[in-house]
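Everything below concerns the one structure shown next.
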Amino acid sequence: MNVHINEINKKTERTIMALSRLMPNIRGQTTSKLKILGSVAHSVMLYAAPTWEKAMRNKKYKNMLIKLLRRLAIRVGSAYRTISMEPIQVITGIKPII
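Residue numbers (UniProt numbering): 1 to 98.
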């Protein structure tokens, strides 16, 4: 399970970085385009989710995925990094994984 969670982390990180490079955070692309690209990263995170359900009991792995989801939501919402998790998820419509 450890290997799978780390692989998800790396893949999603690369996807978020590609999103960051493609579009500036402020006055960049429209929200709809950002949501489409964000849904790709979200899909990568949720790939084979039922198999790593037991791993989510471990706080380390849970926090890894929460961090990634927060970064993704901030990019999609074009928000500053000081925003908390719950409001940015409401603004962007990204559902929590945990």
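We treat Cβ as the ideally placed atom computed from N, Cα and C, and that holds for glycine.
task: Classify A41 as buried or exposed, calling it buried when 16 or more other Cβ atoms lie within 10 Å of its own Cβ.
output: buried
message: Could you tell me the alpha carbon to alpha carbon distance between K35 and V76, rounded to whole angstroms?
response: 6 Å
- request: Label T51 either buried or exposed according to how many other C-beta atoms from any shown protein chain fall within 10 Å of its C-beta, with 16 as the threshold for buried.
  value: exposed
message: So, with DSSP's three-state summary, where would you put Y61?
response: helix
message: Quick check on A48: does DSSP put it in helix, strand or coil?
response: coil
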